[in-house]
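Chains as they are written, first to last, in UniProt numbering: chain H, 1 to 258; chain D, 1 to 258.
A short worksheet on the structure shown next.
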DNA sequence: GAGTGGTCTAGACCACGTC
DNA sequence: ACGTGGTCTAGACCACTCA
């Protein structure tokens with residue numbers, strides 16, 4: 001009765017099976033959180049081998065539609081409650097003297113509990129960063145790596161690169177939280193950032209990122225790169241932020257020049 | 001000699017195999033465009049069954065690292081030449097009287113050949129769009145769907161929604177290209193957009209998008225949503241653009257309020 | 001302990017690309 | 001014609017979850 005599946009079709013059986021299940025998910029017949037039929041049930045329903053059934057289910061998982069667990073079953077992914085990374089284009093309060101950095105303030109305002117760990121090191125930056133910072137061959141940077149968590153769950157991974165030629169003698173190279181923000185420190189030494197260049201790419205996470213950020217199968221990441229320029233148009237900072245796409249919407253507010 | 005693979009490890013064999021190949025790709029030992037060993041070769045090298053080898057190779061494909069083809073082999077994905085979607089924050093020339101729209105001008109400037117097809121219809125918008133446009137239950141919108149191609153290759157899919165209450169009598173509901181841009185038409189009838197709200201998400205493409213935009217396995221899409229507000233802060237347009245992430249970097253230039 | 005998904009093997013036939 | 005990946009089957013053992 002439930003068989004629009006044609007074993008003689010040119011479309012692979014496992015694709016037809018995936019199509020069938022996918023359309024039930026999109027149509028709402030299978031709602032977020034609902035359990036799919038077990039693999040054994042699908043084998044019987046569609047007269048297919050277990051490997052074929054698993055190919056179809058793997059397909060859906062790679063599209064980010066389902067999750068599964070040993071001993072549990074396959075489930076329609078619950079549409080996660082989304083956080084915002086509000087990227088402010090205007091910065092009315094960027095000199096504000098708050099006790100917390102902007103991100104902490106944002107997250108707290110959403111009623112969540114933020115936390116972060118910071119590591120500092122001196123590194124030769126990757127090629128693309130070196131190019132964005134307009135560095136000479138061999139120049140080094142201070143790297144501040146930040147793993148942010150919300151309500152105890154890993155949330156985003158951020159790497160900020162600063163040319164050593166600029167920050168060598170500042171607290172930016174110290175492995176402490178800078179409450180007023182590294183940007184404020186840059187401003188104090190005469191490198192206030194007056195202009196940003198943002199580039200956003202999307203890709204599948206690396207295995208390291210999958211581990212560090214607990215990213216499920218079929219979930220891509222945003223890679224948000226921000227280059228900050230001072231008043232002399234010198235790039236003074238490159239921040240690379242990796243954001244799991246099931247937990248983040250990147251938002252910009254833009255006012256047209258009046 | 002090439003066996004850091006341990007069949008008794010708790011880590012699944014196919015994962016170890018994938019790790020091995022992945023690290024060769026990241027290290028550069030297998031360069032973009034290079035062919036991987038054939039499945040039969042990998043079976044022998046790692047003393048694994050073909051299904052296991054294919055599981056590992058499927059893993060890499062889902063990470064966007066490799067592509068394969070029947071009768072050809074598995075290859076490291078060539079890092080595609082990237083296009084830009086330059087999203088202008090400032091619009092110095094948005095009233096400019098060019099003969100082409102902004103996108104056509106951009107692409108031509110990059111030495112590529114742009115083309116687009118446009119379809120127009122009157123629809124009840126999806127729920128999220130209705131909410132962004134602050135519509136009442138049952139209100140309809142004009143929908144202009146645009147499939148853009150560059151050098152003959154599908155490139156992006158864009159859906160612009162306009163409240164019918166505003167555009168019913170304008171050429172926006174006509175199925176023709178509007179050379180001076182739909183935004184210009186809105187301005188002419190007193191709904192110049194003075195403010196934008198952009199929201200960017202990333203996800204795996206739907207099968208329809210995969211077909212329409214020729215998206216390979218393991219490649220996510222950006223979904224870029226722009227809401228335009230007029231001087232009275234009324235939302236007059238929602239544009240949803242789907243961009244395959246292997247062909248697009250989204251770029252913003254931001255000047256701090258002076 | 002029963003049922004679930006996770007992993008793996010061995011073998012088969014087919015469709016496509018290249019030569 | 002041959003070698004490649006694409007699809008599919010049948011069966012096995014294991015690890016985990018849940019009642």
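Where a beta carbon is used, it is the ideal one built from N, C-alpha and C, also for glycine.
Alpha-carbon to alpha-carbon, residue j and residue i
i	j	result
residue 79 of chain H	residue 38 of chain H	21 Å
residue 145 of chain D	residue 201 of chain D	19 Å
residue 32 of chain D	residue 24 of chain D	11 Å
residue 16 of chain H	residue 59 of chain H	11 Å
residue 45 of chain H	residue 215 of chain H	32 Å
residue 237 of chain H	residue 119 of chain D	44 Å
residue 249 of chain H	residue 199 of chain D	6 Å
residue 150 of chain D	residue 19 of chain D	36 Å
residue 177 of chain D	residue 105 of chain D	15 Å
residue 193 of chain H	residue 229 of chain H	5 Å
residue 187 of chain H	residue 122 of chain H	21 Å
residue 137 of chain H	residue 30 of chain H	56 Å
residue 218 of chain H	residue 125 of chain D	27 Å
residue 91 of chain D	residue 174 of chain D	Note that residue 91 of chain D scores 48 on pLDDT, short of 50, meaning its location in the model is unreliable; the coordinates nonetheless yield the value given after this. So the alpha carbons of these two residues sit roughly 26 Å apart.
residue 112 of chain D	residue 153 of chain D	11 Å
residue 26 of chain D	residue 40 of chain H	38 Å
residue 10 of chain H	residue 64 of chain H	26 Å
residue 108 of chain D	residue 183 of chain D	21 Å
residue 241 of chain H	residue 205 of chain H	12 Å
residue 68 of chain H	residue 203 of chain D	19 Å
residue 224 of chain D	residue 213 of chain D	16 Å
residue 6 of chain H	residue 53 of chain H	15 Å
residue 172 of chain D	residue 256 of chain H	22 Å
residue 129 of chain H	residue 251 of chain D	16 Å
residue 148 of chain H	residue 234 of chain H	28 Å
residue 141 of chain D	residue 114 of chain H	40 Å
Any C-beta of chain H under 9 Å from that of residue i
i	result
residue 126 of chain D	no
residue 201 of chain D	yes
residue 250 of chain D	yes
residue 58 of chain D	yes
residue 19 of chain D	yes
residue 254 of chain D	yes
residue 63 of chain D	yes
residue 235 of chain D	no
residue 22 of chain D	yes
residue 207 of chain D	yes
Residue i versus the options, residue with shortest Cα-Cα distance
i	options	result
residue 48 of chain H	H:118, H:8, H:236	H:8
residue 143 of chain H	H:162, H:154, H:231	H:162
residue 139 of chain D	D:127, D:147, D:149, D:150	D:127
residue 77 of chain D	D:14, D:28, D:159	D:28
residue 180 of chain D	D:42, D:103, D:234, D:52	D:103
residue 220 of chain D	D:22, D:234, D:13, D:207	D:207
residue 210 of chain H	H:226, H:185, H:245, H:183	H:245
residue 51 of chain D	D:243, D:14, D:189	D:14
residue 185 of chain D	D:166, D:234, D:196	D:166
residue 42 of chain H	H:21, H:61, H:34	H:21
residue 132 of chain H	H:148, H:147, H:160	H:160
residue 117 of chain H	H:35, H:12, H:156	H:156
residue 35 of chain D	D:196, D:66, D:110, D:147	D:66
residue 189 of chain D	D:195, D:168, D:197	D:168
residue 272 of chain H	H:134, H:148, H:231, H:110	The first residue shown for chain H is 1 and the last is 258, placing residue 272 of chain H beyond what the model contains.
residue 191 of chain D	D:197, D:158, D:231, D:61	D:231
Short CB-CB distance (under 9 Å) between residue i and chain D
i	result
residue 242 of chain H	no
residue 195 of chain H	yes
residue 116 of chain H	no
residue 198 of chain H	yes
residue 181 of chain H	no
residue 204 of chain H	yes
residue 245 of chain H	yes
Whole-Å CB distance - residue i paired with residue j, under 8 Å assumed
i	j	result
residue 74 of chain D	residue 55 of chain D	Between residue 55 of chain D and residue 74 of chain D the Cβ distance is about 13 Å, and since that is not below 8 Å, they are no contact.
residue 247 of chain D	residue 239 of chain D	Not quite, the Cβ-Cβ distance comes to about 18 Å (not below 8 Å), so this is no contact.
residue 222 of chain H	residue 243 of chain H	4 Å
Item checked: Where the segment 150–162 of chain D meets chain H: residues whose CB sits under 8 Å from a CB there -> none
Check: If you measure beta-carbon to beta-carbon, which residues of the segment 209–223 of chain H are closer than 9 Å to chain D?
Finding: 217, 218, 219, 220, 221, 222
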